[in-house]
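Q: Mind having a look at this structure? Questions to follow.
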């Protein structure tokens, strides 16, 4: 890959001889025009990044004020996502390089094993991967922006179609004898409602990445009750029975949690079997997390589709022909991911499904569990 201008590299290295070796090796094998500036510590590194722009940062993990992964975490805390980073480790076998990659580094190089060609290749690939990441981020932003604008602009006319179709269907002047016309108006209303559901899902999906997660202690049972109230009409229509156990408190964004619960409970009703739906919402405390389960007696999901159903626009038809937009579970997964939890499904065909997800436990729940464990220990030793 050729670059249109001189590549500016910031090397964070406190050993002068190592810095000289790096510059000489890169000059030998990296043919693109480049310049290397040196920072001997993180403080100087941060000052240079504030004052000027660089294309790549090469970060030695053994600096005067920090060592190992602390160096990486300190850097990414201040400048994460702003620059591609290659880290220099003391050796290949200590596992620190792999951990640095998980934190966001482009590559890692053991200092004792660096050759000129290897160094040049790492710089080249690091810059190329960074360029691809920026292009992908831009494409995702554009796609979200388009989805938001399209959904927003579609919502008003579709809502108007549904409103006027409903008014015509209920207008006594149209005559009760025109059953065919009323049937067609009913179809229009139904399809308009489906279009509105799609529009709402697109809006939620497009805004999800922009919404910050506001964590607070949340009464999960109370949030569940609100979610059930919003589904009262569909529950009555399907003769659904919804049972809610005592649920532990969680550290969560109440609005986003309500959306997850509403979606999972609505799916439990929608993807029903011939029997009236029975939905059970339960929760348990597991260490520093709470696990919430939404169980149904529906037709179940084939194990082959366990991963697919969380992908965008992937959907399974309901027992009675209902189809979702294919974004509901994707949004649920994004919300749970934003809480550093996970979501999964356990299911058996012909029996039903259980959707489970985890959230951070509230500090009160952790204290309660600790007290219960201590009490149990006292009882067992009595």
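In this note's numbering, the protein residues as written are 3 to 384. Note that the Cβ used here is the ideal one computed from N, Cα and C, for glycine as well. Small disclaimer: the values here were computed from a predicted structure and weren't measured.
Using only alpha-carbon positions, find the residue among 117, 87, 158 and 145 that is nearest to residue 130.
A: Minimum Cα distance to residue 130 is reached at 87.
Q: To the nearest angstrom, how far is the alpha carbon of residue 66 from that of residue 233?
A: In a straight line, the C-alpha of residue 66 is about 59 Å away from that of residue 233.
Q: Under 7 Å Cβ to Cβ from residue 341, same chain only, skipping five residues before and after it: list those, please.
A: Only 215, 254, 361 and 362 meet the Cβ criterion.
Q: By alpha-carbon positions, which one of 78, 116, 352 and 60 ends up nearest to residue 274?
A: For residue 274, the nearest C-alpha among the options comes from 352.
Q: What three-state label does DSSP hand residue 322 in the structure shown?
A: Residue confidence is low: residue 322 scores 40 on pLDDT, short of 50, so the model does not pin down where it sits. Its coordinate-derived value is still stated next. Three-state result, residue 322: coil.
Q: When DSSP builds the beta bridges, which residues end up paired with residue 216?
A: Note: residue 216 sits in no beta bridge, so no partner.
Q: Report back the beta-carbon spacing between residue 56 and residue 116 to the nearest angstrom; my notes put them in contact at under 8 Å.
A: Contact flag wrong, Cβ pair sits at about 20 Å.
Q: Decide yes or no for the touch test of the stretch 328-336 against the stretch 261-275: beta carbon pairs closer than 8 Å, at least 3 of them.
A: Touching, per the Cβ criterion.
Q: Quick check: the Cα distance between residue 197 and residue 166, rounded to an integer number of angstroms?
A: So the alpha carbons of these two residues sit roughly 15 Å apart.
Q: Alpha helix (DSSP H) containing residue 109: first to last residue?
A: Careful: residue 109 lies outside any alpha helix (DSSP H), inside the beta strand (DSSP E) at 109-112.
Q: Can you give the beta carbon distance from residue 103 to residue 110, rounded, assuming they're within the 8 Å contact cut?
A: With 8 Å as the limit, residue 103 and residue 110 qualify as a contact, their Cβ atoms being about 6 Å apart.
Q: Whether or not the stretch 243-253 and the stretch 284-291 are in contact is what I'm after, with contact meaning three or more pairs of Cβ atoms, one per stretch, closer than 8 Å; do they touch?
A: Judged by Cβ distances under 8 Å, the stretch 284-291 makes contact with the stretch 243-253, as three or more pairs qualify.
Q: For residue 354 versus residue 309, is the C-beta spacing smaller than 9 Å?
A: Their beta carbons are not under 9 Å apart, which means residue 354 does not touch residue 309 by this criterion.
Q: Quick one: grab the DSSP three-state call for residue 285.
A: The answer is strand: DSSP assigns residue 285 an E or B state.
Q: Strictly by DSSP, which residues pair up with residue 61?
A: Partner(s): 14 and 89.
Q: Where do the ends of the beta strand (DSSP E) carrying residue 360 lie?
A: That run of the beta strand (DSSP E) goes 354-362.
Q: Who are the near neighbours of residue 244 in its chain, counting only those whose CB is closer than 6 Å to its CB and skipping five residues on each side?
A: So the qualifying residues of the chain are 230 and 281.
Q: Locate the beta strand (DSSP E) running through residue 36, then write down its first and last residues.
A: Residue 36 -> beta strand (DSSP E) spans 36-41.
Q: For residue 277, count neighbouring Cβ atoms within 10 angstroms of its own Cβ and tell me buried if that reaches 16, exposed if not.
A: When all chains shown are included, residue 277 counts as exposed.
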